[in-house]
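Colleague:
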Ligand code: COA
């Protein structure tokens, strides 16, 4: 929007905002998408070293620095020169590095996000805005990606509006502020006392430490960190009872799809993921790898893979994919409402290994065999899918072979979705999508996106992967060949609105999770009734005819073979970029520079004439 138009519409002038952040994580991506949509000129610098930050400020000359995710203070020279707004995941007055961890572990009913100005005292500056939310019994990473992100989006926009008003004076929290300074939450306070902690306490402790640093404990006698805990609604079915609880507490009882069931004083909990050993931080781990240590001890993995000793446990198989009334942990579940079948798949971090792809393909075939009309693939609440499971690949004896197996399983799933002519299919994105997951969703007939979802439909950040999931078949009809090239080359996140505006996805629905699901169910029921308006039967027939015509023009097998030929080069070829990028991603190697597509201030014209951050649709071809 031009400066004249902004003035005419009484829109505050666009600002130059520098994101200073430890990484471009989901929260930073969401705020970036919000502020770009508001017409601001944005650039990103990773917090690597004080002189680098100072240089970024000198190059970009921002009106404001925004710090969505920092692990250390803003350099003094920077906050003294430019107003710096820190996004703190805590209520007003709360300070310290373990804000959410304490809130979860201590069972806070309400929590919040505060946007405060950087000063000498960490998290101690005056407050520009804050937003509250009700706590949910969920993992820290889940709260962070949902409630914290939504609250931060509201609070940051309010803080910026107040900053632009020129009249707002930020308020320093007084002694009556609801929060207080809390120290780092240490493993000693996180420790589970299996003889005394009931399931609720065990869940709270593991959830407060998810996805980092996990809770140090043992599984099958092996020291490890625990992540990804879920309640078991019927522990008696797995050997726990009121008489044996003292013997059973802390003992592994059963396994299911990589997770391990552990008894507690009053029941049992599923542990989905673990990291073997009592080792230290990823940085130190990277150094250990140089010395030839076992990479598997440095990765968060499905519990039975991290602790193979657990494979001796009895398999607690599920009778079917149906979601049953007794709640037990299951990563894939199916339920029906009238003519619509809903397929839930909640894979940790949205990462999909061959086993998950195969089971999801089976579940899809099951759903397609039901006397319904529409299948809705709901994914999980935080992620719909982030593509192939990179940790599993890194842990394999041959990462190249494991990559090949993973992408083939993913393509089998995409193909099953594409060739499902018995039903209309909908990918309903409650949570974010990345890389192959973003294209897998496109294999459904419709893609409906929750407002607030961030999509990263590109593979390039993972060592220039070519990508598969039939993107070469799926994209051109919707966005044109040039649009497809631009989507793949665009390495920035897309908001739900941008993804729909450029034709990649089909509709943006409500932003609230519960309202989204209601909206999806209503629209899916309409689709089952009316199809495109000509009735369901006509819509299904048109779909089958389209597929047959496409197949005659060029078989899916040909698209797949062409894409996989490129992927084979990525996995087995001379260029090791993908293996190097994957290693750095899974071991969380600290950044040593900010990628150029983010650090726009390092473009030659940055100090003077950078345009507002363009929406994807406005990018030059
Ligand atoms: N495999 C394994 N783990 C994955 C993953 C994948 N494909 N994608 C994300 N994760 C994990 C991250 O390691 C992180 O783990 P943590 O629990 O230890 O923190 C967690 O999921 C969240 O990821 P993060 O990067 O913090 O989330 P984000 O929302 O900020 O970013 C993406 C989302 C998609 C941009 C980013 O996760 C990404 O680039 N993932 C890799 C996608 C990919 O290249 N897939 C392979 C090609 S198909």
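Residue numbers (our numbering): -8 to 612.
The beta-carbon is built from N, C-alpha and C at its ideal position, and this holds for glycine as well.
Nothing here was measured: the structure is a model prediction, and the numbers come from that model.
#1: Identify whether residue 453 lies in helix, strand or coil by the three-state DSSP scheme.
#2: Does any heavy atom of ligand 1 sit closer than 7 Å to the C-beta of residue 678?
#3: I need the straight-line Cα distance from residue 272 to residue 580, nearest angstrom please.
#4: Specify the secondary structure class of residue 295 as computed by DSSP and reduced to three states.
#5: I want to check one thing, is the minimum distance from the CB of residue 144 to the heavy atoms of ligand 1 below 7 Å?
#6: Within the continuous alpha helix (DSSP H) that includes residue 541, where are the two ends?
#7: Check the DSSP bridge columns for residue 246 and list the partner residues they point to.
#8: According to the Cβ coordinates, are residue 333 and residue 312 closer than 8 Å?
#9: Give me the Cα-Cα distance between residue 464 and residue 547, rounded to the nearest whole angstrom.
#10: Looking at C-beta atoms only, is the number of pairs between the region 12 to 26 and the region 129 to 140 that lie closer than 8 Å three or more?
#11: Scan the region 406 to 475 and note each continuous beta strand (DSSP E) run of 3 residues or more that stays entirely inside, going in chain order.
#12: Across which residues does DSSP place residue 335 in a beta bridge pair?
#13: Any chance the CB of residue 379 is under 7 Å from a heavy atom of ligand 1?
#14: May I ask you to report which of helix, strand or coil DSSP gives residue 558?
#15: Does the beta-carbon of residue 37 have 16 or more other beta-carbons within 10 angstroms, so that it is buried, or is it exposed?
#16: Rounded to the nearest angstrom, what separates residue 586 and residue 429 at their Cα positions?
#17: Can you confirm whether the region 446 to 458 touches the region 405 to 415 when touching is taken to mean that 3 or more C-beta pairs between the two stretches lie within less than 8 Å?
#18: Per DSSP, what kind of secondary structure is residue 500 in: helix, strand or coil?
#19: Taking the alpha carbon of residue 577 as the point to measure from, which residue in 388, 506, 455 and 383 has its own alpha carbon closest?
#20: Please name the residue or residues paired with residue 75 in a DSSP beta bridge.
#21: Would you please state the rounded distance, in angstroms, between the beta carbons of residue 106 and residue 147? I believe it to be under 8 Å.
#22: Would you say residue 447 touches ligand 1, meaning its beta carbon is less than 7 Å from a heavy atom?
#23: Can you list, in chain order, the residues of its chain whose CB lies under 6 Å from that of residue 277, leaving out five sequence neighbours each side?
#24: Going by the DSSP bridge assignment, what does residue 156 pair with across the sheet?
#25: Rounded C-beta distance between residue 265 and residue 217? I'm assuming under 8 Å.
#26: Which one of 511, 176 and 7 has the shortest CA to CA distance from residue 154?
#27: Leaving out the 5 sequence neighbours to the left and right, which residues in its chain are closer than 6 Å to residue 342 when beta-carbon positions are compared?
#28: Closer than 7 Å: is that where the CB of residue 290 sits relative to any heavy atom of ligand 1?
#29: Output yes or no for whether 8 Å exceeds the beta carbon distance between residue 462 and residue 422.
#30: For residue 313, which beta-bridge partners are listed by DSSP?
#31: Nearest to residue 203 by alpha carbon, out of 401, 315 and 290?
Modeller: The answer reads as follows:
#1: Working through the chain shown from its first residue, we reach residue 453 at position 462. Correct three-state label for residue 453: coil.
#2: Lying outside -8 to 612, the shown extent of the chain, residue 678 is not represented and no answer is given.
#3: For the purposes of this step, residue 272 is identified with residue 281 of the chain shown, where counting begins at 1. For the purposes of this step, residue 580 is identified with residue 589 of the chain shown, where counting begins at 1. Here residue 272 scores only 45 on pLDDT, less than 50, and its place in the model is too uncertain to base an answer on.
#4: Taking the first residue of the chain shown as 1, we reach residue 295 at position 304. DSSP places residue 295 in helix when its eight states are reduced to three.
#5: In the chain shown, counting from the first residue as 1, residue 144 sits at position 153. Residue 144: no, Cβ never under 7 Å from ligand 1.
#6: Within the chain shown, residue 541 is the residue found at index 550, counting from 1. Unbroken alpha helix (DSSP H) run through residue 541: 527 to 544.
#7: Position 255 of the chain shown, counted from the start, is the residue given in the question as residue 246. Beta-bridge pairing links residue 246 to 251 and 306.
#8: Taking the chain shown and counting its residues from 1, the one referred to as residue 333 is at position 342. Taking the chain shown and counting its residues from 1, the one referred to as residue 312 is at position 321. For residue 333 and residue 312, no; Cβs fall outside 8 Å.
#9: As a first step, residue 464 must be located in the chain shown, where it is residue number 473. As a first step, residue 547 must be located in the chain shown, where it is residue number 556. About 8 Å.
#10: yes
#11: 415 to 420, 423 to 425, 437 to 441 and 445 to 447
#12: Here the question's residue 335 lines up with position 344 in the chain shown. In DSSP, residue 335 forms a bridge with 324 and 370.
#13: For this step, residue 379 is matched to residue 388 along the chain shown. Under cutoff, so the answer is yes.
#14: Counted from its first residue, the chain shown places residue 558 at position 567. Reduced to three states, the DSSP call for residue 558 is helix.
#15: In the chain shown, counting from the first residue as 1, residue 37 sits at position 46. With 16 or more Cβ atoms within 10 Å of its Cβ, residue 37 is classed as buried.
#16: The residue given as residue 586 occupies position 595 in the chain shown. The residue given as residue 429 occupies position 438 in the chain shown. Cα to Cα, the separation comes out at about 22 Å.
#17: no
#18: By 1-based counting over the chain shown, the position of residue 500 is 509. The answer is strand: DSSP assigns residue 500 an E or B state.
#19: Reading the chain shown from its first residue, position 586 is the one you call residue 577. If we check each option's Cα against that of residue 577, 383 comes out closest.
#20: Taking the first residue of the chain shown as 1, we reach residue 75 at position 84. Answer is 56.
#21: Here residue 106 corresponds to residue number 115 of the chain shown, with the count starting at 1. Here residue 147 corresponds to residue number 156 of the chain shown, with the count starting at 1. Yes, residue 106 and residue 147 are in contact; Cβ-Cβ is about 6 Å, under 8 Å.
#22: Position 456 of the chain shown, counted from the start, is the residue given in the question as residue 447. True, at least one ligand heavy atom lies under 7 Å from that Cβ.
#23: As a first step, residue 277 must be located in the chain shown, where it is residue number 286. Here the model assigns residue 277 a pLDDT of 44, short of 50, so the residue's position is not dependable, and the following value carries that caveat. Counting only Cβ-Cβ distances below 6 Å, and skipping sequence neighbours, we find 578 and 580.
#24: Taking the first residue of the chain shown as 1, we reach residue 156 at position 165. DSSP, once it has assigned bridges, lists no residue as partnering residue 156.
#25: Taking the chain shown and counting its residues from 1, the one referred to as residue 265 is at position 274. Taking the chain shown and counting its residues from 1, the one referred to as residue 217 is at position 226. Contact flag correct, Cβ pair sits at about 6 Å.
#26: Taking the first residue of the chain shown as 1, we reach residue 154 at position 163. Of the candidates 511, 176 and 7, the one whose C-alpha sits nearest the C-alpha of residue 154 is 7.
#27: Here residue 342 corresponds to residue number 351 of the chain shown, with the count starting at 1. These residues qualify, in order along the chain: 377 and 380.
#28: Residue 290 sits at position 299 when you count from the first residue of the chain shown. No, ligand 1 has no heavy atom inside 7 Å of this Cβ.
#29: Counted from its first residue, the chain shown places residue 462 at position 471. Counted from its first residue, the chain shown places residue 422 at position 431. Taking 8 Å as the Cβ cut-off, residue 462 and residue 422 do not qualify as a contacting pair.
#30: The residue labelled residue 313 in the question sits at position 322 within the chain shown. Note: residue 313 sits in a beta bridge opposite 325.
#31: For the purposes of this step, residue 203 is identified with residue 212 of the chain shown, where counting begins at 1. Closest by alpha carbon: 290.
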